[in-house]
Amino acid sequence: MSNVRVYELAKELGIETKTLLSRIGELGIIASSHMTMLTPEEAAKIRTSVSSNPVGDVIEKRIKPTVIRRRSRRATAAEGGDDDGSADASESNAAGADTAPISQAAQDEGPSTDAEPVSAEAVGDAQPTAVAEERVEGAPTSTPSPTQVPTTTTRPSRGPRRREEPTSQLVLVATPEQRQATLEARGITPSSTLTQPPKPKAAVPTDGRVPEIKDDRDDKKKGVRGKKVVYDRRRDSSQRRFVREGDEIGGRGGRGKRKKAKPRKIEKTQLTTPKAAKRVIKIDESIMVGDLAKQMGVKFGEMAGKLMQMGTMVTITDRLDLETAELITAEFGFTVESVGFELDDHLAKTGRETDGGMRRSPVVTIMGHVDHGKTSLLDRIRSTQVAASEHGGITQHIGAYKVKTDRGQVVFLDTPGHEAFTAMRARGAKVTDIVVLVVAADDGVMLQTVEAINHARAAGVPIVVAVNKIDRPQANADRVRQGLTEHGLVPEEWGGDTIFCNVSAKTGDGIDTLLEMLALQSEILELQADPDLPAQGVVIESRLDRGKGPIATVLVQNGTLRKGEYLVSGIYYGRVRAMINEWGEDLESAGPSTPVEIWGLNGVPEAGNDIDIATTERDAKVITDYRGRKEREREMAAKTRTSKVSFEDLMAQVQSGQVKDLNLIVKADVQGSVEAISDAFLKVKHAEVEVRVLHKSVGGIIESDINLASASNAIVVGFNVRPEPSAKALAEREGVDIKLYSVIYDAIDDLKKAMEGMLEPTYEEDVLGRAEVLETFQVPRAGTVAGCNVRSGKILRSAKARLVRDSVQIYTGGISSLRRFKDDVREVVQGYECGISLENYNDIKVGDIIECYEMKAVRQTLN
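Numbering (my numbering), first residue to last: 555 to 1417.
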C-alpha cells in the first residue's frame, strides 16, 4: 500500500480530521496538520485503534427528508438484563432466528453504518435506553441478493406476521478496507458467522418522500425485484454507495408509486402545400431577392440558380422588379400581387390629360449660343432691361415671363447658352411649345446652337429661327441659313419647313414679324387647357430666400392653381401662401400657361419636378413620404453599386497608381445653377484625379457646409451666394477653402488649376555634362579613380552619373568623389580635368564616358 494523508484517512474512517489528529497524537505518531503523510504501517495502526475504540458517541441525526427512517429497539444482553430483556431474548429465540455462515462475497458486500460497523456483540452490549443507530431498510424479499449479508433479528412477539409487499431497500455499504479492519479488530475470521441485527418494528414516516428510483425494466413485471443499480455519491466528508433493491419505495401516507411518463410518439414532418391564398406574394414595385426567397420558403441558392438559368446574376441584397419577380415566383408555384403606391388615390384629380378645354397661351423657349442676344431679344419684346442685371451679361438661370402682345399673350422662357447649362436647356425644351433658336448673323452656327437643335428635336417641339444682329456691318444671314441647313433646318424660302426671321434686338427690326410667326405656329398647334381642373405644371426654378423661405418658380400647364391649396413637388409639399408674377403682383389664382413664384413649401424642390395638388395635407404628406422613401432606396442602391469592386477593377486601380480625389461642396442661389455647375465640374476629368461633388444645395454657405468640408477635406464653391459670418469664421479656423463666383467661366478655370496642382509631376532627364576617362588610378580604401577631361557642360558633385562604354550604359549611380588636383570641388566645367570616383563601382576603363545628369520635375496640366 502507498502512503496516505491524514485528511484522506479521516475521510476513509468517516470521522473529523481534528478528532483523528487527536487520536494520532495519543498513539504517539507525529502529525502536524491534515496534510501530513502517513506510512502504511501507521495508517494500519490508526485504523485498528479507531475500530477497537470508536471515536465519540453515537448521536441521533435527522435524516434528510428523502430517506425513510425505520427505528428498532435493540435487545439487551443476557448478563445484567431485566425481565423484559430476558423476555425479548426468549421471544427472539422462539422465533427461530437462524444464522448463516458469511462467505467471502458476503464480507465484500456486508452491511455498514454511517460511523462504524455494528456487529452482533455490539448489539448485545447496548443498553435498553440507548438510542439505536439509524438504519434504512426495506421489506425482505423472497430471494436474497448475492451481495446481501444474511442476518438474524430479534423482535418481540406480535402475533402472526403478514407478508408485506416487496419494497425497495437502501443499504449503506462499508468499504472493503473498513470491513477488513473491523473484522480483524473483533477477532472475526472470514469463516465466522454473524447474527442478523434486530429488524425494525414499523416504518416511521418522515417529513419528505424518498424519490422513486426505478429501472426501465421495472414496469414490465409488477412485483418482481429489479436488478441492482449502484450510484456513487459524495455526501459531506464520506463516500458511500447506495444499492437499490426492489421496485418501489413507500413514501409518507402509504406505499405510493410514481407513474412513469409515457414516451411521446414523434411524428415525421410532413411537407404541406400552402393554401392558394397564402401562395400570393405581395410586392411594392420591387423586392429584395432575400425577402422574396423568405416569403416563398425557398433557399436563396435555389432561387439564385433559377435566376441564373434565366440569365440574371443576383446577390441576396439585389432588388427585382415586378416583372422579374412574376417570372421567378411562377417557377415555384407562386403568384405576385402588386401593392404599389397609387398616386392618383391621393391627388385631387384622376387624370392628367383632358380632351376638351379652352385655348391657352403658347410657351416659347428662347435658346441659342452664348452671347448671341437671347436675353436682349426678350428685353426688346418685353421692353425691359433684364440683361443689365445679369453678371457679365450672361443669363445664369431660367427666366419665365408672360408678355402681352398685339396678337395675345405669350410665355417666354429664357435659357442660358453656356455649355454648362445643358440640363437647363433640356428642361426648357421639355416644358415648351415652341423653340426660338437665336443665331447671331455675324457669328454663325456654334456648339450650343447645335445642342439646342438636338434638345428641341428630342422634345418634338417646332423650331423658329431668329437670325439676330442683322444691324451689324459684318452680318451675313445667308451664311447662317447655310450652316443650319447642314443640321436639317431648311428655310421655307429654300423649300424647307423651318421659319426664319431676321431680327435686331438692338433696333427692334423684325420683332413684329417674329411675334406674328409665333402666333401662327401656336394656332397650328391648337394648344388647349382646362382651367377647371386642379393645377398641374412643372418647376422652372427654385431657391431659398432668407426671409421668405423656399421659393419655387412654377409654370402651370393645365388647370388652375389657387392660393391655399396643398401643392406637392418631388419630396416636398406645402400650402400655397402666396403666388407672385413677374411684376411682383400677388395673385389669387394662376391659370394655364402662367409662370408664378410659389411661397409655402417645406423645402426647395428640384428644377424640372412636376407639381400636383393634393386633396388634404395628410395626402400630401403621404405622397412625399413615399417619394422620400423611394429616393433613399435609390441612393442606397447607387451607393451599393459604387462600393462594389471586382478583382479586375481593384488591380486596375493598383496598377494605375495613386488615385486622388478632389472633393467639392456646391452652393448656389437657384437649383438650376447648382445642377449646371455640378455637371460642369464632373466633366473635367483626368486619369489621376477624380472630381467628387459631396454635397450640392440651394442657399447660402452655412456652418454645416464648413463642417462637412473640414471632415472630408473638400473645397466649398459658392455661386451667387455668400457665407454667413459664423461660417466664414469657422472656415478660417478649420482651414477650409471657400471659392465664390458670379460667372461660370471663372469657376471652371479655377477648378482646372486646382486639379493641375494635384497632378503628380512628371520627371525629365536633364544632361548636365560629359567627361571622358583619360587614365585610371587605384587608390587604397577609395577604389578606382578616373582621371577625366570634361568635354561638354559641367560635372556636379551632387548630380547623378552614368558610365557609358561603346554607346552602352554600364552603370548608373552617384558620384562619390570629385577632385581637382588635391582639392574636393563641387563642380568642374568644360575644358578642365578632374578626378571622378563612382559609388560602389570600380570597373572603369580608359575611353569610357561619364555623363552627369539631373531629374527635373515637370508640372502636368489637363491639356
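In this text, a Cβ means the ideal position worked out from N, Cα and C, and glycines have one as well. Predicted model only: the values in this text are computed from it and were never measured.
Inclusion of LYS1221 and VAL1158 in the CB contact set at 8 Å is not warranted, their separation being larger than that value. The beta carbons of ILE1349 and LEU1357 sit about 13 Å from each other, so the pair does not count as a contact at 8 Å. Classified as exposed, ARG1287 has fewer than 16 neighbouring CB atoms from the shown chains inside 10 Å of its CB. Cβ atoms of ASP1051 and ASP1025 stay farther apart than 8 Å, at about 28 Å. For ILE1024, no beta strand (DSSP E) run applies, since DSSP gives it neither H nor E.
In this structure, ALA1144 lies away from LEU1098, with their beta-carbon atoms at least 8 Å apart. For GLN863, the enclosing alpha helix (DSSP H) stretches over residues 854–863. According to DSSP, GLN963 shares a beta bridge with LYS958.
In the assembly as shown, GLU1136 is a buried residue. Its beta-carbon has 16 or more other beta-carbons within 10 Å. Around the beta carbon of ASP1402, a 10 Å sphere encloses 16 or more other beta carbons of the protein chains shown; the residue is thus reported as buried. In the pairwise beta carbon analysis, the segment 1027–1037 is classified as touching the segment 982–999: at least three pairs are separated by under 8 Å. Assignment of alpha helix (DSSP H) within the segment 1040–1109, counting only whole runs of 4 or more residues, yields 1065–1079 in chain order. Counting along the chain, the unbroken beta strand (DSSP E) around ALA1132 starts and ends at 1126–1134. In chain order, VAL1130, ARG1131, ALA1132, MET1133, LEU1141, GLU1142, SER1143 place their CB closer than 8 Å to the CB of LYS1117, counting only its own chain and leaving out the 5 sequence neighbours on each side. Nearest neighbour of VAL990 by Cα position, chosen from GLN1028, PHE966, ALA1012, turns out to be PHE966. Of the candidates VAL1339, ALA585, LEU567, VAL1339 places its Cα closest to the Cα of PHE1331.
Judged by DSSP in its simplified three-state form, LYS1221 adopts strand.
With a beta-carbon spacing of about 14 Å, GLN849 and ILE870 fall beyond the 8 Å limit used to define contacts. In the three-state reduction of the DSSP assignment, HIS926 falls in the coil class. The bridge partners DSSP lists for VAL918 are PHE966, ILE988. Taken through DSSP and simplified to helix, strand or coil, ASN1267 comes out as coil. Nearest to GLY1128 by alpha-carbon distance, out of THR1178, THR1148, LEU1109, is THR1178.
DSSP places ILE600 in no beta strand (DSSP E) but in the uninterrupted alpha helix (DSSP H) bounded by 594–606.
DSSP, reduced to helix, strand and coil, places GLN1111 within a strand of the structure shown. About 4 Å separates the beta carbons of GLN1082 and GLY911, which is inside the 8 Å limit, making them a contact pair. The Cβ atoms of ILE1152 and LEU1109 lie no closer than 8 Å to each other. Three or more pairs of CB atoms, one per stretch, sit closer than 8 Å, so the segment 1009–1026 contacts the segment 918–927. In the DSSP assignment, GLU1405 falls within the beta strand (DSSP E) that extends over 1403–1412. Per the Cβ contact rule, the segment 571–581 is in contact with the segment 597–606 (3 or more Cβ pairs under 8 Å). In the three-state reduction of the DSSP assignment, ALA1336 falls in the coil class. Closest in alpha carbon position to GLU562, among SER576, THR573, HIS588, is HIS588. ASP1166 sits buried, since 16 or more C-beta atoms from the chains shown fall within 10 Å of its C-beta. GLN1384 sits in coil when the DSSP states are folded into three classes, being neither helix nor strand. For LEU1218, the closest C-alpha among the options VAL1224, GLN1225, PHE1235, GLU1229 is that of PHE1235.
Selection LYS1399, LEU1068, LEU861, VAL985 evaluated against VAL992 yields LEU1068 as nearest (Cα-Cα).
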